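Student: Reminder that position 276 of the sequence shown reads as 277 in the working numbering, one-by-one numbering, no gaps.
Built from N, CA and C at the ideal position, the CB exists for glycine as well.
What you are looking at is a predicted structure, and each value in this text was computed from that prediction instead of being measured.
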Amino acid sequence: MKNSIDTPSLALEQQPVSRLFRNYAVPAILATAASSLYNIIDRIIIGQGVGPLAISGLALTFPIMNLSIAFGTLIGSGSSAIASIRLGEHRYREANRVLGNSLILTVVISLFVTFLFLLFLYPLLLFFKASNDTLPYARDFLKIILYGIIVSNLFYGLNGMMRATGHPKKAMVSILLTVGLNLILALLFVLGFHWGIRGAAWATVLAQLGGLAWVLAHFLNPKTEVRFTRESIRFDWKITREVCAIGLSPFLIHLCSCVVIMLINMQLKRYGDMDFTGISIDGKPVAGGDLAIGAFGIINSIVGFMVMVIFGLAHGLQPIAGYNYGAGRLDRVREALRLAIQWATVVSVVTFALCMLFPKTITGIFTKDYNTTLITARGLRLYVSMFVFTGFQVVTSILFQSVNKAGISILLSTTRQVLFLVPCLLLLPTLFHTDGVWISQAAADLLAALVTAGVLLYHLRRGVLKK
2 MKNSIDTPSL
12 ALEQQPVSRL
22 FRNYAVPAIL
32 ATAASSLYNI
42 IDRIIIGQGV
52 GPLAISGLAL
62 TFPIMNLSIA
72 FGTLIGSGSS
82 AIASIRLGEH
92 RYREANRVLG
102 NSLILTVVIS
112 LFVTFLFLLF
122 LYPLLLFFKA
132 SNDTLPYARD
142 FLKIILYGII
152 VSNLFYGLNG
162 MMRATGHPKK
172 AMVSILLTVG
182 LNLILALLFV
192 LGFHWGIRGA
202 AWATVLAQLG
212 GLAWVLAHFL
222 NPKTEVRFTR
232 ESIRFDWKIT
242 REVCAIGLSP
252 FLIHLCSCVV
262 IMLINMQLKR
272 YGDMDFTGIS
282 IDGKPVAGGD
292 LAIGAFGIIN
302 SIVGFMVMVI
312 FGLAHGLQPI
322 AGYNYGAGRL
332 DRVREALRLA
342 IQWATVVSVV
352 TFALCMLFPK
362 TITGIFTKDY
372 NTTLITARGL
382 RLYVSMFVFT
392 GFQVVTSILF
402 QSVNKAGISI
412 LLSTTRQVLF
422 LVPCLLLLPT
432 LFHTDGVWIS
442 QAAADLLAAL
452 VTAGVLLYHL
462 RRGVLKK
């Protein structure tokens with residue numbers, strides 16, 4: 002009976018690190034990029050099929066969506082990291098219990114978040130600076146998406162667990178299938194049935210439901226090494242504390258992202274109304290701040306896609322680092338880190354070059370509106386001017402999460418999105434107006450990279466990664 006159990010996790014300790022990194026990183030990149038891609042697909046279809054104000058309305062939903070995802074990430078990322086470490090320690094039953102507790106926690110938290118946001122949806126959107134022109138789009142989209150939070154969080158959480166427990170290709174396939182289904186449904190609902198922004202929301206929820214069915218089938222298979230059993234689905238306070246401690250770092254990233262996006266939208270509305278006047282769409286006057294928020298929606302999609310590629314590299318590093326750290330093989334952890342930083346930097350440099358050279362071409366994929374294109378193209382160049390350091394910063398933060406050093410990971414995660422970015426967003430727009438909003442991210446990228454370099458060098462010489 003024992004021989005019938007699939008045990009791919011043993012390769013994490015035995016195969017060459019370069020081969021392991023390729024085997025884990027490539028599927029993870031494809032999976033995370035594809036995951037981000039169907040957000041882009043929604044925005045392209047909405048922008049081309051509904052209009053620029055619909056993109057602005059969608060951008061106003063980002064804080065609520067990020068906060069919803071944050072709670073799923075708290076459990077999903079923490080569970081994946083702990084499960085990898087348990088497999089490295091050859092504690093297989095404990096890994097099963099981590100999986101079972103992740104299911105319980107995700108369901109409970111998702112239901113609570115759904116209820117809370119639906120209860121306060123209208124006042125929240127007004128607080129996020131929704132106008133009479135953008136509020137209907139944001140409200141219609143979120144009413145549908147919020148009912149699908151439990152599906153989304155379960156899908157992404159279990160997908161990450163699938164990758165972390167030795168099945169990166171299956172995890173990739175589940176994401177690709179979901180993206181393909183989302184594309185088909187979005188085209189059908191928005192352009193075929195003319196359901197507008199509601200059609201895009203329904204396409205997202207139904208596609209994720211299909212993906213969830215795929216990953217559940219994997220973890221219900223009795224031949225799977227880490228799987229659901231009657232024993233595993235029992236609440237355990239000790240596991241919950243460990244999961245939440247490790248998952249706190251990515252949770253804070255999303256939480257900070259929520260706060261930052263809210264602040265960005267507020268600053269863009271304020272200074273965009275001042276900087277861009279006399280603008281109209283189809284003969285109807287439009288507030289410049291609304292278009293500036295829409296520009297951020299486009300920029301966030303473009304840059305977010307490339308950041309997800311970097312996260313794919315980092316997620317490829319996570320099971321290798323976690324398993325070998327648990328097995329006491331720090332040499333393999335350092336080698337995997339080197340490869341991840343190397344390739345993440347390549348992605349960062351390519352992103353910088355493309356956005357600097359072809360900003361209008363890239364923006365034109367999302368909208369045909371002339372004014373929105375001009376605002377977005379200028380903002381994109383300023384926003385990515387220090388993006389070359391982002392890959393290094395993100396990978397290093399994920400490394401410390403992978404080796405159960407939550408405090409360090411939280412510190413590094415918050416430098417880029419809070420400790421430096423928020424002060425910049427409060428100060429620079431007062432000096433440079435809308436340009437100051439875009440420059441703030443670049444300044445934060447540079448400062449966060451400097452702090453990360455110092456922390457990593459210390460731990461390579463004296464800390465947890467010392468030879």
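1. Give the straight-line distance between the Cα atoms of F190 and L427, rounded to the nearest whole angstrom.
2. For I280, which three-state DSSP category applies?
3. Going by beta carbon distance, what residues of the same chain come within less than 7 Å of I254, once the five residues before and after it are set aside?
4. Determine the extent of the alpha helix (DSSP H) in which Q16 is found, giving its start and end residues.
5. Grab me the residues of N222's own chain with a C-beta within less than 7 Å of its C-beta, minus the 5 sequence neighbours each way, in chain order.
6. So, is D370 buried or exposed, given that buried needs 16 or more other C-beta atoms within 10 angstroms?
7. Alpha carbon to alpha carbon, how far is V350 from W238?
8. Return the CA-CA distance between L458 and Q343, expressed in angstroms with no decimal places.
9. Can you give me the start and stop residues for the alpha helix (DSSP H) that W344 sits inside?
10. Which same chain residues, not among the five before or five after R333, have their C-beta less than 6 Å away from its C-beta?
11. Look at T416 and V452 and say whether their C-beta atoms are less than 8 Å apart.
12. What are the boundary residues of the alpha helix (DSSP H) that includes Q402?
13. Out of curiosity, what's the CA-to-CA distance linking T352 and I311?
14. Closest to L177 by CA distance: which of A34, V308, P137, W196 is it?
15. Please state if the CB of L422 and the CB of A508 are separated by a distance shorter than 8 Å.
16. Since L331 and L318 should fall inside the 8 Å C-beta cutoff, what is the C-beta to C-beta distance between them, to a whole number of angstroms?
17. Please go through the same chain and pick out, in chain order, the residues whose beta-carbon is closer than 7 Å to the beta-carbon of K3, but skip the five residues on each side of it.
18. How many angstroms separate the CA atom of S281 from the CA atom of I105?
19. According to the neighbour-count rule (16 or more other Cβ atoms, all chains shown, within 10 Å of its Cβ), is V109 buried or exposed?
20. Between F367 and I56, how many whole angstroms is the CB-CB distance? I'm expecting something under 8 Å.
21. Please work out which residues of its chain come closer than 6 Å, Cβ to Cβ, to T166, disregarding the five sequence neighbours upstream and downstream, and give them in chain order.
22. Please classify N4: does DSSP put it in a helix, a strand, or coil?
23. Taking only three categories from DSSP, how would you classify K285?
24. Looking at C-beta atoms only, is the number of pairs between the stretch 111 to 119 and the stretch 241 to 261 that lie closer than 8 Å three or more?
25. Buried or exposed: H316, going by 16 or more other Cβ atoms within 10 Å of its Cβ?
26. Check whether the stretch 57 to 76 and the stretch 146 to 162 touch, using three or more Cβ-Cβ pairs below 8 Å as the test.
27. Quick one: give me the first and last residue of the alpha helix (DSSP H) that D141 is part of.
28. Considering only the alpha carbon of each residue, which of A328, L122, T107, R382 lies closest to A145?
29. Are S80 and V99 touching if we call contact CB-CB under 8 Å?
30. For A29, count neighbouring Cβ atoms within 10 angstroms of its own Cβ and tell me buried if that reaches 16, exposed if not.
31. I need the straight-line Cα distance from S37 to M309, nearest angstrom please.
32. Three or more C-beta pairs closer than 8 Å, one from the stretch 38 to 47 and one from the stretch 271 to 285: is that the case here?
33. With DSSP collapsed to three states, give me the class of A328.
34. Hey, how far is the Cα of E232 from the Cα of M173?
35. Let's test the definition: count the other Cβ atoms within 10 Å of the Cβ of F236 and tell me whether it reaches 16, buried, or not, exposed.
Tutor: Let me lay it out:
1. Here residue 190 is taken as the residue at index 189 of the sequence shown, counted from 1. Here residue 427 is taken as the residue at index 426 of the sequence shown, counted from 1. Straight through space, the alpha carbons of L427 and F190 are spaced by roughly 40 Å.
2. As a position in the sequence shown, residue 280 is number 279, starting the count at 1. The three-state reading of DSSP puts I280 in coil, since its state is none of H, G, I, E or B.
3. Translated into positions along the sequence shown, residue 254 becomes position 253. Taking I254 as the centre and dropping the five residues before and after it, the same chain places the C-beta of S414, Q418 closer than 7 Å to its C-beta, in chain order.
4. On the sequence shown, residue 16 is found 15 positions in, with the first residue counted as 1. No alpha helix (DSSP H) contains Q16, which DSSP labels as neither H nor E.
5. Working through the sequence shown from its first residue, we reach residue 222 at position 221. The beta carbon of N222 sits closer than 7 Å to those of R228, all from its chain and outside the five residues before and after it, given in chain order.
6. Locating residue 370 in the sequence shown gives position 369, counting from the first residue. Burial of D370 is indicated by the presence of at least 16 other C-beta atoms within 10 angstroms of its C-beta.
7. Within the sequence shown, the letter at position 349 stands for residue 350. Within the sequence shown, the letter at position 237 stands for residue 238. V350 and W238 have their C-alpha atoms spaced approximately 44 Å apart.
8. For the purposes of this step, residue 458 is taken as the residue at position 457 of the sequence shown. For the purposes of this step, residue 343 is taken as the residue at position 342 of the sequence shown. One alpha carbon belongs to L458, the other to Q343, and they sit about 16 Å apart.
9. Walking along the sequence shown from the start, residue 344 turns up at place 343. Per DSSP, W344 is one residue of the alpha helix (DSSP H) stretching across 331 to 358.
10. Residue 333 sits at position 332 when you count from the first residue of the sequence shown. Closer than 6 Å at the Cβ level, and outside the excluded window around R333, lie V18, N325.
11. Along the sequence shown, one-based indexing puts residue 416 at 415. Along the sequence shown, one-based indexing puts residue 452 at 451. A contact, by the Cβ cut-off of 8 Å.
12. Translated into positions along the sequence shown, residue 402 becomes position 401. For Q402, the uninterrupted alpha helix (DSSP H) run begins and ends at 391 to 403, by DSSP.
13. Counted from its first residue, the sequence shown places residue 352 at position 351. Counted from its first residue, the sequence shown places residue 311 at position 310. Those two C-alpha atoms are separated by around 11 Å.
14. Counting from 1 along the sequence shown, the entry for residue 177 is found at position 176. Ranking the options by Cα distance to L177, first place goes to A34.
15. Here the chain covers residues 2 to 468 and nothing more, so residue 508 does not appear.
16. Working through the sequence shown from its first residue, we reach residue 331 at position 330. Working through the sequence shown from its first residue, we reach residue 318 at position 317. No, L331 and L318 are not in contact; Cβ-Cβ is about 14 Å, not under 8 Å.
17. Counting from 1 along the sequence shown, the entry for residue 3 is found at position 2. Residue placement at K3 is poorly supported in this model, since its pLDDT is 44, which falls under 50; the coordinates still yield a value, given next. The answer is none, since no qualifying residue turns up.
18. As a first step, residue 281 must be located in the sequence shown, where it is residue number 280. As a first step, residue 105 must be located in the sequence shown, where it is residue number 104. Distance between the alpha carbons of S281 and I105: 50 Å.
19. The sequence position of residue 109 within the sequence shown is 108, counting from 1. Within a 10 Å sphere around the beta-carbon of V109 sit fewer than 16 other beta-carbons, which makes this residue exposed.
20. Indexing the sequence shown from 1 puts residue 367 at position 366. Indexing the sequence shown from 1 puts residue 56 at position 55. Rounded to the nearest angstrom, the Cβ distance from F367 to I56 is 7 Å, consistent with a contact under 8 Å.
21. Counted from its first residue, the sequence shown places residue 166 at position 165. The answer, listed in chain order, is A84, V227.
22. As a working mapping, residue 4 is identified with position 3 in the sequence shown. With a pLDDT of 47 at N4, under the threshold of 50, the modelled position of this residue cannot be trusted; read the value that follows with caution. Per DSSP, reduced to three states, the secondary structure at N4 is helical.
23. Against the sequence shown, residue 285 aligns to sequence position 284. In the three-state scheme derived from DSSP, where H, G and I count as helix and E and B as strand, K285 is classed as strand.
24. With the cut-off at 8 Å, the stretch 111 to 119 and the stretch 241 to 261 do not touch.
25. Taking the sequence shown and counting its residues from 1, the one referred to as residue 316 is at position 315. H316 should be labelled buried.
26. Counting Cβ pairs under 8 Å, three or more are found: they touch.
27. Taking the first residue of the sequence shown as 1, we reach residue 141 at position 140. D141 -> alpha helix (DSSP H) spans 136 to 148.
28. Numbered from its first residue, the sequence shown carries residue 145 at position 144. Going by the sequence as given, residue 145 is Ile instead of Ala. Nearest neighbour of I145 by Cα position, chosen from A328, L122, T107, R382, turns out to be L122.
29. Start at 1 with the first residue of the sequence shown, and residue 80 comes out as number 79. Start at 1 with the first residue of the sequence shown, and residue 99 comes out as number 98. Result yes, Cβ atoms of S80 and V99 sit closer than 8 Å.
30. Working through the sequence shown from its first residue, we reach residue 29 at position 28. Classification for A29: buried.
31. One-based indexing of the sequence shown puts residue 37 at position 36. One-based indexing of the sequence shown puts residue 309 at position 308. Spanning the alpha carbons of S37 and M309 requires a straight line of approximately 7 Å.
32. The answer is no - the stretch 271 to 285 does not touch the stretch 38 to 47, with fewer than three Cβ pairs under 8 Å.
33. In the sequence shown, the residue the question calls residue 328 occupies position 327. Coil, per DSSP.
34. Numbered from its first residue, the sequence shown carries residue 232 at position 231. Numbered from its first residue, the sequence shown carries residue 173 at position 172. About 28 Å.
35. Residue numbering aside, residue 236 sits at position 235 when the sequence shown is read from its first letter. Result: exposed.
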